[in-house]
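Everything below concerns the one structure shown next.
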Amino acid sequence: MRFQAPRGTEDVLPADSYKWRRLEAAFVGLVESYGYREIRTPTFEDYALFVRSAGETSDVVSKQMYDFTDKGGRHICLKAEGTAPAMRAMIEGGLLQAGTTHRIFYITPVFRYERPQKGRLREHHQVGVECIGFESAAADAEVISIAVGFYRSLGLEHFVVKLNSIGRAQCRAAYRRAILEHAAAYLTSLDSGARAKAEANPMRLLDSKDPNVQEVVRGLPPITDYLEPESSTRLAKVEELLTNDGISYEIDPRIVRGLDYYTETVFELQVGTIGATQNAIGGGGRYDDLISELGGPKMPSVGFGIGVERALIALDSEGVDLGGYATDVFVVAAGEAHFTRASQIAKELRANGLIVEQDLDLRSLKSQLKQADRANSRFALILGDDEVAKNMVTLRDMKTSSQELTTLEAAMARIGR
Ligand code: HAM
Numbered sequence: 000m001r002f003q004a005p006r007g008t009e010d011v012l013p014a015d016s017y018k019w020r021r022l023e024a025a026f027v028g029l030v031e032s033y034g035y036r037e038i039r040t041p042t043f044e045d046y047a048l049f050v051r052s053a054g055e056t057s058d059v060v061s062k063q064m065y066d067f068t069d070k071g072g073r074h075i076c077l078k079a080e081g082t083a084p085a086m087r088a089m090i091e092g093g094l095l096q097a098g099t100t101h102r103i104f105y106i107t108p109v110f111r112y113e114r115p116q117k118g119r120l121r122e123h124h125q126v127g128v129e130c131i132g133f134e135s136a137a138a139d140a141e142v143i144s145i146a147v148g149f150y151r152s153l154g155l156e157h158f159v160v161k162l163n164s165i166g167r168a169q170c171r172a173a174y175r176r177a178i179l180e181h182a183a184a185y186l187t188s189l190d191s192g193a194r195a196k197a198e199a200n201p202m203r204l205l206d207s208k209d210p211n212v213q214e215v216v217r218g219l220p221p222i223t224d225y226l227e228p229e230s231s232t233r234l235a236k237v238e239e240l241l242t243n244d245g246i247s248y249e250i251d252p253r254i255v256r257g258l259d260y261y262t263e264t265v266f267e268l269q270v271g272t273i274g275a276t277q278n279a280i281g282g283g284g285r286y287d288d289l290i291s292e293l294g295g296p297k298m299p300s301v302g303f304g305i306g307v308e309r310a311l312i313a314l315d316s317e318g319v320d321l322g323g324y325a326t327d328v329f330v331v332a333a334g335e336a337h338f339t340r341a342s343q344i345a346k347e348l349r350a351n352g353l354i355v356e357q358d359l360d361l362r363s364l365k366s367q368l369k370q371a372d373r374a375n376s377r378f379a380l381i382l383g384d385d386e387v388a389k390n391m392v393t394l395r396d397m398k399t400s401s402q403e404l405t406t407l408e409a410a411m412a413r414i415g416r
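Next comes the structure, spelled out in structure tokens:
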């Protein structure tokens with residue numbers, strides 16, 4: 000009986016896991032340099048947490064929840080996004096006291112029942128940050144700058160930052176009415192189910208990929224026309240800070256984001272290489288009301304999530320090589336009599352910080368060298384009768400296949416690091 004990974008999931012085999020580790024290490028190194036600290040939350044949560052935060056009419060809640068009733072009759076949902084669980088945990092942990100500030104980050108699997116395609120999975124992974132308790136535009140600029148800095152540090156060149164403001168609740172309410180008015184003829188052409196859905200959350204029409212809907216919303220004035228003065232000022236300030244920081248961006252009024260908790264600043268990082276509906280390699284924004292919605296104090300906050308699988312596709316399509324695992328030394332014992340000595344040497348080399356492998360079944364010399372090759376080893380250190388008799392080792396450079404009889408000390412000095 001053979002099994003396959005469930006539809007919409009991907010295994011990360013060793014040849015690729017190195018890239019994941021590089022990407023995660025780059026992310027952690029960067030965000031820790033800003034003072035962000037890691038939070039880990041459960042893989043599943045109370046279903047209602049996502050309904051309350053992402054919103055009943057969001058695609059995530061209305062179509063994509065991986066939910067079930069557990070044996071105790073609880074309505075559970077696999078983590079559908081990272082922000083609400085992180086806020087739930089911070090509130091529950093008593094950390095979100097009014098007036099405090101927090102910088103947190105996470106690396107997490109996220110589950111959404113989507114139609115799988117390249118860059119769109121049912122289980123994907125996100126690296127993300129949440130900058131909690133700062134009201135000023137400088138917080139918006141900090142998180143955008145981190146997202147951009149992350150991709151730049153990995154060598155990605157071709158991506159755009161799309162920036163928008165969706166204002167405060169009042170502005171969004173006015174804009175929803177404007178959309179409904181503007182799209183009235185189109186809405187009456189829909190069946191009652193589709194119309195009710197569109198009417199429940201008209202903002203969804205803005206980022207629809209349906210060409211008919213795109214045509215309908217084309218003539219609509221941008222949401223930025225409806226912003227309150229404070230929101231316009233904030234957006235202008237974010238723009239100024241990004242410009243000062245050397246980050247170019249485009250204002251895009253169609254960026255409204257798919258989750259209901261956003262207020263004011265929203266943004267996405269997009270590439271042209273994955274596909275129109277999967278072109279976002281990261282996204283986020285401000286969510287000034289979420290924490291109080293979840294029972295905490297009113298704490299303005301902003302953050303982003305970056306899709307790891309999409310980041311890797313984007314990097315790959317630009318030819319960025321994140322490398323792969325390599326072994327420093329493969330210690331070859333040519334004959335069982337030399338295994339103990341070979342193991343001692345291997346241990347010594349490991350104590351010097353090197354990655355060292357051995358064949359535990361002591362196959363032929365040829366086979367061991369083949370293993371060294373497959374392990375992408377820089378050197379093979381061979382110990383046979385001749386070497387042991389002379390108290391020497393043979394050091395083979397696996398790239399050039401040249402080898403020399405030398406002392407262990409000289410070999411170690413050559414292997415170096
Ligand atoms: P999101 O835009 O839903 O935001 O997801 C963030 C990123 O995750 C996307 O830009 C994309 O790169 C990736 N992503 C989303 N869905 C999939 C999928 N089905 N397959 C592969 N990759 C995917 C959030 O989740 C917010 N929690 C971000 C945030 C943090 N906002 C404020 N703080």
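For the sequence shown, numbering that gives the first Met the number 0 begins at 0 and goes up steadily by one. The beta-carbon is built from N, C-alpha and C at its ideal position, and this holds for glycine as well.
Around the beta carbon of residue 322, fewer than 16 other beta carbons sit within 10 angstroms, so the residue counts as exposed. In this structure, residue 24 has its CB at a distance of at least 6 Å from all heavy atoms of the ligand HAM. The residue from 45, 62, 53, 79 with its alpha-carbon nearest to that of residue 71 is 45. Residue 103 sits in a strand when the DSSP states are folded into three classes.
Between residue 82 and residue 132, the CB-CB gap reaches or exceeds 7 Å.
Checking the DSSP bridge columns, you'll see residue 402 partnered with 395.
As DSSP reads the structure, residue 163 sits in a beta bridge with 265. The beta carbon of residue 402 is closer than 6 Å to those of 393, 395 in its chain, skipping five residues each way along the sequence.
Partner residues in the beta bridge of residue 380, as assigned by DSSP, are 330, 394.
Here residue 116 is bridged, per DSSP, to 119. If the five residues before and after residue 50 are omitted, its C-beta is found closer than 8 Å to the C-beta atoms of 60, all from its own chain and listed in chain order.
Under DSSP, the beta-bridge partners assigned to residue 125 are 107, 306.
With 16 or more other Cβ atoms from the protein chains shown falling within 10 Å of its own Cβ, residue 139 counts as buried. When only Cα atoms are considered, residue 337 and residue 361 end up about 10 Å apart. DSSP, reduced to helix, strand and coil, places residue 36 within a strand of the structure shown. Annotation: residue 357 is outside any alpha helix (DSSP H); the continuous beta strand (DSSP E) that includes it extends over 355-357. Within 6 Å of the C-beta of residue 54 there is not a single heavy atom belonging to the ligand HAM. Classified as buried, residue 103 has 16 or more neighbouring CB atoms from the shown chains inside 10 Å of its CB. Distance from the CA atom of residue 277 to the CA atom of residue 295, rounded to whole angstroms, is 34 Å. With three or more CB-CB distances shorter than 8 Å, the stretch 251-262 counts as touching the stretch 213-227. For residue 337, the shortest separation between its Cβ and any heavy atom of the ligand HAM does not lie below 6 Å. One thing to note: residue 136 has its Cβ within 7 Å of the Cβ of residue 236. The ligand HAM has a heavy atom closer than 6 Å to the beta-carbon of residue 308. Here the distance from the Cβ of residue 82 to the nearest heavy atom of the ligand HAM is below 6 Å. Distances from the CB of residue 119 to the heavy atoms of the ligand HAM include at least one below 6 Å.
In the displayed model, residue 285 falls within a strand according to three-state DSSP. The ligand HAM approaches residue 279 closely enough that one of its heavy atoms is under 6 Å from the residue's Cβ. Using a cutoff of 6 Å, the CB of residue 157 does not count as near the ligand HAM, since none of the ligand's heavy atoms is closer than that. By the neighbour-count definition (other C-beta atoms within 10 Å, threshold 16), residue 28 is an exposed residue. DSSP, reduced to helix, strand and coil, places residue 223 within a helical segment of the structure shown.
Of the candidates 269, 357, 303, 11, the residue whose Cα lies closest to the Cα of residue 335 is 357.
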